[in-house]
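Chemist:
In our numbering, the protein residues as written are 174 to 874.
#1: For the beta strand (DSSP E) that contains residue 466, what are its first and last residues?
#2: What is the DSSP secondary structure of residue 489, counted as helix, strand or coil?
#3: Output the residue ranges of the beta strand (DSSP E) runs that lie fully inside the region 370-454 and measure 3 residues or longer, sorted by chain position.
#4: On the criterion of 16 or more Cβ atoms from any shown chain inside 10 Å, does residue 436 qualify as buried, or is it exposed?
#5: Does DSSP put residue 550 in a helix, a strand or coil?
#6: So what does DSSP say about residue 573, is it helix, strand or coil?
#7: Report buried or exposed for residue 656, applying the criterion of at least 16 other Cβ atoms within 10 angstroms of its Cβ.
#8: So, do the region 503-514 and the region 540-555 have three or more beta carbon pairs nearer to each other than 8 Å?
#9: Please list, in chain order, all residues of the same chain as residue 464 whose beta carbon is under 6 Å from its beta carbon, the five residues on each side excluded.
#10: Bridge partners of residue 208, per DSSP?
#11: Would you say residue 700 and residue 455 are within 8 Å of each other, going by their C-beta atoms?
#12: Within 10 Å of its beta-carbon, does residue 795 have 16 or more other beta-carbons around it, so buried, or fewer, so exposed?
#13: Kindly confirm or deny that the region 369-377 and the region 229-243 touch, where touching means at least three C-beta pairs closer than 8 Å.
#14: Residue 297: buried (16+ other C-beta within 10 angstroms of its C-beta) or exposed?
#15: How is the alpha helix (DSSP H) around residue 717 delimited, first residue to last?
#16: Can you tell me whether residue 310 is buried or exposed, with buried defined as 16 or more other CB within 10 angstroms of its CB?
#17: Mind checking whether residue 719 and residue 731 have CB atoms under 8 Å apart?
#18: Please classify residue 842: does DSSP put it in a helix, a strand, or coil?
#19: If contacts are defined as beta-carbon pairs under 8 Å, then residue 501 and residue 570 qualify, I think. What distance do you get, rounded to the angstrom?
#20: Should the region 591-610 be regarded as contacting the region 520-527, the criterion being three or more beta carbon pairs within less than 8 Å?
#21: Report the residue from 547, 853 and 561 whose alpha carbon sits nearest the alpha carbon of residue 504.
#22: In or out: residue 383 buried (at least 16 other Cβ within 10 Å) or exposed?
#23: For the region 282-365, list the alpha helix (DSSP H) runs that are entirely contained and at least 4 residues long, ordered along the chain.
#24: Which same chain residues, not among the five before or five after residue 807, have their C-beta less than 6 Å away from its C-beta?
#25: For residue 474, tell me which candidate among 449, 390, 360 and 563 has the shortest Cα-Cα distance.
#26: Going by the beta-carbon positions, is the gap between residue 546 and residue 175 smaller than 8 Å?
#27: With a CB to CB cut of under 7 Å and the five nearest residues on each side skipped, what residues in its chain are close to residue 314?
#28: Among the residues of its own chain, which have a CB less than 7 Å from the CB of residue 396, if the five just before and after it don't count?
#29: So residue 519 and residue 574 are in contact, right, with Cβ under 8 Å, and what is the actual spacing, rounded?
#30: Going by DSSP, what residues sit across from residue 246 in a beta bridge?
#31: Note down, in chain order, each residue of its chain lying with its Cβ closer than 6 Å to the Cβ of residue 708, except the 5 sequence neighbours on either side.
#32: Which same chain residues, not among the five before or five after residue 413, have their C-beta less than 6 Å away from its C-beta?
#33: Over the uninterrupted beta strand (DSSP E) stretch that includes residue 500, give me the two end residues.
#34: Tell me whether residue 233 sits in a helix, a strand or coil according to DSSP, three-state version.
#35: Whose C-alpha, out of 481, 387 and 615, is nearest the C-alpha of residue 290?
#36: Distance, Cα to Cα, residue 825 vs residue 770?
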């Protein structure tokens with residue numbers, strides 16, 4: 174049975190949403206930018222600072238309390254302007270203006286850089302060696318789509334081979350040939366790195382084919398300080414009336430170009446929710462915090478995890494006390510994007526909250542056709558470039574509007590395809606109806622979470638995930654005893670379900686009382702008892718994310734660390750079988766390129782691969798691993814092995830005894846890692862089961 178009081182609170186909130194305010198904010202915020210033509214609020218830049226101040230003033234105008242700008246050391250990239258001039262073009266052809274956009278990298282002096290242009294292809298080691306890049310400007314094609322994960326190595330390879338400047342263009346996952354798309358670097362670039370459109374790149378390639386020596390002059394007005402900048406997280410709050418627990422709404426305030434979806438619209442959504450709470454007169458029981466993060470796109474240069482810097486610093490260093498008292502982060506990306514379904518990503522165990530909330534959710538107004546039936550925690554693990562992971566890694570459950578799934582469908586249905594991190598994220602796809610629906614749905618979700626005394630977790634999702642993904646037969650075949658871990662899973666499953674039953678019963682009883690004029694004193698008593706329970710259940714959630722969650726070499730979360738090791742063993746075992754049958758090409762292409770960063774070993778210099786390996790799992794970079802710190806797994810590159818097999822495959826060789834021996838050594842090492850991970854996971858689940866039984870006993874007692 175629905176609570177009428179809760180329905181009224183959500184309905185009252187939705188009736189006060191001021192959509193015009195949100196749209197006008199985006200229009201004004203878009204005027205703040207580093208570059209007059211392209212905009213942009215880059216890490217530590219003047220425009221990012223101005224944007225932070227602008228948001229802080231908006232929060233104050235709305236009536237939000239305790240508004241602060243929290244300083245975070247960051248990379249500073251102030252990109253003012255850049256131009257590319259071509260020498261020696263006949264007058265009758267006319268001079269084509271090429272206006273690039275900057276990557277976080279150095280500028281030039283007023284004279285700029287004048288040098289020959291060389292087509293470096295995709296800037297692999299072999300292509301860079303053949304191109305003789307020293308002292309030249311390199312034209313580079315991005316190896317893949319937005320998430321190709323090879324662009325940082327391409328940049329480093331060209332610089333390693335002596336290029337004086339880089340011009341990068343994308344050919345895949347772009348809207349059209351005039352799209353300029355940029356990414357963040359990983360290491361500290363020592364030369365200017367610029368993004369240009371495919372159309373401009375094709376023009377330059379045409380000139381190169383007609384004129385062997387093509388000279389360019391590149392001038393870049395930019396200020397680049399890898400560790401000398403400051404960014405700001407903006408936070409404010411609406412105090413709770415009866416509890417010191419809290420709910421946090423978040424969005425990142427920086428962006429490439431004038432990216433309206435990524436992420437100006439989301440800033441508007443968070444401000445809109447704050448304004449609606451104040452305007453509707455809703456009195457939150459818990460404190461509602463509004464946090465806007467700087468240095469999201471880039472901030473921690475010389476790190477595998479250069480992104481999410483502002484959010485991670487906030488949760489792990491500036492506000493560590495939020496852990497244990499924050500029931501939820503509600504995070505936003507691309508909130509003015511019209512999609513078929515309004516979908517939600519959340520952390521494992523929190524799916525039940527969204528499912529239960531749906532019967533209270535307001536009707537859609539036109540931004541979406543429907544509310545998605547299922548809620549995914551799988552997608553949340555994959556989308557680690559979203560600020561949610563900065564909170565989940567601090568033990569705070571997260572909910573994020575899912576703007577990505579329809580972009581990944583085959584065929585994709587999202588209008589955002591080809592516009593990521595580009596000059597094409599513009600008003601053409603800005604849909605106020607989606608802005609309204611996201612504000613209504615997630616504003617209502619916040620009220621739902623605020624009104625329920627007990628946060629509901631379904632920790633049996635952890636055991637179900639484990640059973641679904643771990644092949645116990647395979648473990649037994651590899652000599653690993655599984656009786657103990659299966660017993661831990663069984664015990665945890667029962668404990669989780671018993672606790673959930675008790676949490677739901679307590680909340681249902683409270684909602685009935687709420688509809689029957691419960692006194693404020695009784696509410697305070699209920700919420701005080703619930704806070705003690707919530708603190709313990711949040712500690713169990715934190716235990717799972719610390720002990721079970723691990724990070725792949727590509728940067729995605731995996732909920733079961735041992736699974737990664739077993740998959741690696743399976744791929745390497747498959748490679749051995751291929752080599753035993755004389756099939757080097759198949760061993761490489763069907764097995765070994767699936768292992769960690771082994772595929773990169775085929776394309777890039779050993780120095781670059783070695784440094785990347787250290788960034789992912791080496792002690793040298795332990796303090797620069799951001800949200801991934803403590804979640805590292807082994808990272809294999811197998812550089813010599815991969816390149817030896819590549820050469821032997823080309824020679825059609827048949828003797829692979831040495832390579833097979835190397836693989837057996839790697840398999841043994843990975844098996845030891847798997848055994849260690851399984852033991853840790855078993856201990857985690859046993860400890861969690863005991864804690865859950867204890868919480869349930871207290872609630873019943």
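Heads up, the beta-carbon is just placed ideally off N, CA and C, and yes, glycines get one too. Since we're looking at a predicted model, the values are computed, not measured.
Modeler: In short, the structure shows the following:
#1: 460-466
#2: helix
#3: 388-411 and 419-425
#4: buried
#5: coil
#6: strand
#7: exposed
#8: yes
#9: Cβ neighbours of residue 464 beyond the five flanking positions: 408, 421 and 423.
#10: 212
#11: no
#12: exposed
#13: no
#14: buried
#15: 693-720 is the extent of the alpha helix (DSSP H) around residue 717.
#16: buried
#17: no
#18: helix
#19: 5 Å
#20: no
#21: Ranking the options by Cα distance to residue 504, first place goes to 561.
#22: exposed
#23: Qualifying alpha helix (DSSP H) stretches, in chain order: 298-304 and 324-333.
#24: 846
#25: 360
#26: No, they are not a contact pair.
#27: 294, 295, 342 and 344
#28: 249, 251 and 280
#29: With a Cβ gap of about 11 Å, residue 519 and residue 574 do not count as contacting.
#30: Its beta-bridge partners are 403.
#31: 497
#32: The beta carbon of residue 413 lies closer than 6 Å to those of 457, 458, 459 and 460 in the same chain, with the five residues before and after it left out.
#33: 499-504
#34: helix
#35: 387
#36: 25 Å
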